[in-house]
Amino acid sequence: MADPYLRSAADAIPIELVSSQDYERWLGALPPGDREQAQRHRFRAKTGEVCWLGQGTDAIRAAAGWDGASALAALGGLPLKLGEGAYRLAQPVDEVQLLGWGLGCYQFTRYRSEAPTTAQLVLPENASFERLGNFVSAVQLARDLINTPAGDLLPSVLAEEAAEVAATQGADCRIVIGDDLLVEGFEAIHAVGRAATDAPRLIDIRWGDDPEAPLIALVGKGVCFDSGGLNLKPAQGMRSMKKDMGGAAAALGLAQLIMAEALPVRLRLLIPAVENAVAGNAYRPGDILNTYLGLRVEIDNTDAEGRLILCDALALAAEEEPTLMIDFATLTGSARSAVGAELSALFCNDDALADALFAAGRAVDDPLWRLPLHGDYNHMLKSKVADTLNSAASPYGGAITAALFLEKFVNGTPWAHFDIMGYNVRNRPGRPQGGEAMAMRAVFQYLEQRFKR
């Protein structure tokens, strides 16, 4: 992707952002020729609408509509609509709106021989070229990983991508592979991934050398493809499962952003990377797995695999008693039923943390909604032969019982769990259809506000 931003361009075309609420006043103030042009093209200043003014003169400019509902959408739909060229803004905008331009430039072109060209924006003097670039790069990383077909993003490839991020940012990276997972006590991760040709692994990245800095632990679900295991998914359910590592992508993108922006924290990123495949050695319904924490889990359904690999990683992270632990996972269809595909479902064991994350999401147009950790539903996870079931047989409250299962492994650490879609199911300005780093910017906003120097 070409750089969406420019530091300067002498011939940049002005863009005037027009509020739909202010449309009538704006229209009435136009010169007669421009007013006629806007009316002829039925420009009503709706989000995404563009009208060219000053045509036939040296003062050509673009008017772009915005209804004020989504900050990312203010400029997010313009890079592809305006076409190739340099543009500049005629009035001040905020950082989230500027970021919308960069995110709206995104295209997944790995398998395409040609791609549409995008416009470039000359940044205002008070905007940080480097900071916006760091945000765009982190989101692009996550989107590219999610959009890549599973055949080209095996667990080993995801590990290589993570190791490359670590090397670029000066972080340490350790990867535990295959049967070594059993040696180190990660039986649940091993069980989920052992049927695949590409061995399961646990990616462990550390960054930050100030012993006094707060320790932040990030965990991402890295199921590179989910067949459902022996509880095989139907074809329709399996079609989109290349995105089942969306949690890992969001966590890795967030880790890259934290390191690039040099937040004053210590960081640990854990990504269990597996493919949930079908073979003679696949784990089975009714099997009992030991976990890193020591809790024994009876398998009710092999398609509830994400929580199994996460529980080992969460227990490992909790050992160090981090200041904060956050996980991202494309975990349940129940969360999508509850909040839809465009909100991140948040579960949290700390009310103040949950409130702050919600406010951060609103501030940066990365919306989330809290769902309850309703402890009474733990009865649905009771096993007659082990410490817990991995999933409830009941069709009710599936996202809640999944979160309650994970909560057993966090050891009381302040913890936020994001059950995300990881994918835009429709094109929106700044949010093209395809992989998406959901909740990533909200969490960064919270971390930056809490731990800023």
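In the working numbering, the protein residues as written are 354 to 806. Using N, Cα and C, we set each Cβ at its ideal position, and we do this for glycine too.
Scan the region 643 to 686 and note each continuous beta strand (DSSP E) run of 3 residues or more that stays entirely inside, going in chain order. 649 to 651, 677 to 682
Test item: CB-CB of Ile499 and Ala602 under 9 angstroms: Looking up residue 499 in the sequence shown gives position 146. Looking up residue 602 in the sequence shown gives position 249. In contact: Ile499 and Ala602 (Cβ atoms closer than 9 angstroms).
Which of the three DSSP states, helix, strand or coil, is assigned to Ala362? Within the sequence shown, residue 362 is the residue found at index 9, counting from 1. DSSP, reduced to helix, strand and coil, places Ala362 outside both helices and strands of the structure shown, so it counts as coil.
Helix, strand or coil: how does DSSP classify Ile530 here? For this step, residue 530 is matched to residue 177 along the sequence shown. DSSP places Ile530 in strand when its eight states are reduced to three.
Using the Cα positions of Ala630 and Phe461, report the straight-line distance between them to the nearest angstrom. Mapped onto the sequence shown, residue 630 falls at position 277. Mapped onto the sequence shown, residue 461 falls at position 108. Computed Cα separation, rounded: 27 angstroms.
Let me check understanding here. Comparing Cα to Cα, which of Phe762, Arg559, Ala671 lies closest to Arg649? Mapped onto the sequence shown, residue 649 falls at position 296. For Arg649, the nearest C-alpha among the options comes from Phe762.
Hey, could you find the ends of the beta strand (DSSP E) Ala716 is sitting in? Counted from its first residue, the sequence shown places residue 716 at position 363. Counting along the chain, Ala716 falls outside any beta strand (DSSP E), though it belongs to the alpha helix (DSSP H) covering 704 to 716.
Could you give the distance in angstroms between the alpha-carbon of Cys526 and the alpha-carbon of Pro357? As a first step, residue 526 must be located in the sequence shown, where it is residue number 173. As a first step, residue 357 must be located in the sequence shown, where it is residue number 4. So the alpha carbons of these two residues sit roughly 31 angstroms apart.
Which of helix, strand or coil DSSP assigns to Asp497: Here residue 497 corresponds to residue number 144 of the sequence shown, with the count starting at 1. Helix, per DSSP.
Sequence-distant residues of the same chain with beta carbon closer than 7 angstroms to Pro638, five excluded per side: For this step, residue 638 is matched to residue 285 along the sequence shown. If you ignore the 5 residues before and after Pro638, its C-beta comes within less than 7 angstroms of the C-beta of Leu583, Asn584, Ile652, Asp653, Asn654, Thr655, all in its own chain and listed in chain order.
Measuring CB atoms only, is the region 751 to 766 touching the region 781 to 796, in the sense that at least three cross pairs come out at less than 8 angstroms? no
Among Gly590, His770, Asp505, which has the Cα closest to the Cα of Tyr464? Here residue 464 is taken as the residue at index 111 of the sequence shown, counted from 1. Of Gly590, His770, Asp505, the residue nearest in Cα terms is Asp505.
Given a threshold of 16 other Cβ atoms within 10 Å of its Cβ, counted over all protein chains shown, does His543 qualify as buried or as exposed? Reading the sequence shown from its first residue, position 190 is the one you call residue 543. The residue in question, His543, is buried, as its Cβ has 16 or more Cβ neighbours within 10 Å.
By DSSP's criteria, Leu810 is part of a beta bridge. Which residues make up the other side? In the structure displayed, the chain extends from 354 to 806; residue 810 sits before or after that span and is not available.
Whole runs of the beta strand (DSSP E) within the region 535 to 589, excluding any shorter than 3 residues: Segments of the beta strand (DSSP E) lying fully in the region 535 to 589: 554 to 560, 568 to 573, 575 to 579.
Gln444 versus Ala416 - alpha carbon distance: Numbered from 1 along the sequence shown, position 91 holds the residue referred to as residue 444. Numbered from 1 along the sequence shown, position 63 holds the residue referred to as residue 416. Cα to Cα, Gln444 sits roughly 12 angstroms from Ala416.
DSSP three-state assignment for Ile753, whether helix, strand or coil: If you number the sequence shown from 1, residue 753 lands on position 400. Of the three classes helix, strand and coil, the one that applies to Ile753 here is helix, per DSSP.
Would you mind reading off the limits of the alpha helix (DSSP H) that contains Ser509? The residue labelled residue 509 in the question sits at position 156 within the sequence shown. Residues 508 to 522.
Identify the residues that DSSP records as bridge partners of Pro357: which are they? Within the sequence shown, numbered from 1, the residue matching residue 357 stands at position 4. For Pro357, which the question treats as bridged, DSSP gives no partner whatsoever.
Going along the chain, which residues of its own chain have a beta-carbon closer than 6 angstroms to the beta-carbon of Gly714, five neighbours each way excluded? For the purposes of this step, residue 714 is taken as the residue at position 361 of the sequence shown. Closer than 6 angstroms at Cβ, skipping near neighbours: Pro720, Leu721, Ala795.
Do Gly600 and Gly486 have their C-beta atoms within less than 9 angstroms of each other? Counting from 1 along the sequence shown, the entry for residue 600 is found at position 247. Counting from 1 along the sequence shown, the entry for residue 486 is found at position 133. Taking 9 angstroms as the Cβ cut-off, Gly600 and Gly486 do not qualify as a contacting pair.
Which residues in the same chain have their Cβ closer than 7 angstroms to the Cβ of Asn777, if we skip the five residues on either side of it in sequence? Residue 777 sits at position 424 when you count from the first residue of the sequence shown. For Asn777, where only same-chain residues beyond five positions count, the Cβ hits under 7 angstroms are Arg784, Pro785, Gln786, Gly787, Glu789.
Does the region 468 to 478 touch the region 384 to 401, meaning 3 or more C-beta pairs lie closer than 8 angstroms? no
Taking all protein chains shown into account, decide if Glu674 is buried (16 or more other Cβ within 10 angstroms of its Cβ) or exposed. Mapped onto the sequence shown, residue 674 falls at position 321. It is exposed - the Cβ of Glu674 has fewer than 16 other Cβ atoms within 10 Å.
Express the C-alpha separation of Arg592 and Lys586 in angstroms, rounding to a whole number. Numbered from its first residue, the sequence shown carries residue 586 at position 233. Numbered from its first residue, the sequence shown carries residue 592 at position 239. Computed Cα separation, rounded: 9 angstroms.
Candidates Ala439, Ala422, Gln390, Gly401, of which the one nearest Gly429 by Cα: For this step, residue 429 is matched to residue 76 along the sequence shown. Ranking Ala439, Ala422, Gln390, Gly401 by Cα distance to Gly429 puts Gly401 first.
Is the beta carbon of Arg554 closer than 9 angstroms to that of Pro625? Along the sequence shown, read from residue 1 onward, the residue named residue 625 stands at position 272. Along the sequence shown, read from residue 1 onward, the residue named residue 554 stands at position 201. Contact: yes.
Specify, as a first and last residue, the run of the beta strand (DSSP E) that Phe771 falls within. Counting from one through the sequence shown, the residue named residue 771 turns up at place 418. It spans 768 to 772 - the beta strand (DSSP E) in which Phe771 sits, taken as one unbroken run.
Where the alpha helix (DSSP H) through Arg803 begins and ends: The residue given as residue 803 occupies position 450 in the sequence shown. Segment 793 to 804, the alpha helix (DSSP H) holding Arg803.
Under DSSP, the beta strand (DSSP E) around Gln390 begins and ends at which residues? Locating residue 390 in the sequence shown gives position 37, where the first residue counts as 1. Where Gln390 is concerned, there is no enclosing beta strand (DSSP E), although the alpha helix (DSSP H) it sits in stretches over 385 to 393.
Within its chain, find whatever has a CB closer than 6 angstroms to the CB of Val545; leave out the 5 residues flanking it on each side and keep chain order. Position 192 of the sequence shown, counting from 1, holds the residue named residue 545. Closer than 6 angstroms at the Cβ level, and outside the excluded window around Val545, lie Val627, Asn629, Glu658, Leu661, Ile662.
Can you grab the Cα-Cα spacing for the pair Tyr440 / Pro367, in whole Å? Counting from 1 along the sequence shown, the entry for residue 440 is found at position 87. Counting from 1 along the sequence shown, the entry for residue 367 is found at position 14. For Tyr440 and Pro367, the distance between alpha carbons rounds to 6 angstroms.
Given a cut-off of 9 angstroms on the beta-carbon distance, is the pair Asp557 and Ser509 in contact? The residue labelled residue 557 in the question sits at position 204 within the sequence shown. The residue labelled residue 509 in the question sits at position 156 within the sequence shown. With respect to Ser509, Asp557 sits apart: the two C-beta atoms are not nearer than 9 angstroms.
Between the Cα of Leu724 and the Cα atoms of Lys574, Leu696, Ala426, Thr521, which residue gives the shortest distance? Indexing the sequence shown from 1 puts residue 724 at position 371. Cα-wise, what sits closest to Leu724 is Leu696.
Distance cut-off 8 angstroms: Lys735 Cβ against heavy atoms of the ligand SAH: Among the ligands in the structure shown, none appear at all, so the ligand SAH cannot be discussed.
What's the call for Thr683, buried or exposed, on a 16-neighbour Cβ count within 10 Å? Here residue 683 corresponds to residue number 330 of the sequence shown, with the count starting at 1. It counts as buried.
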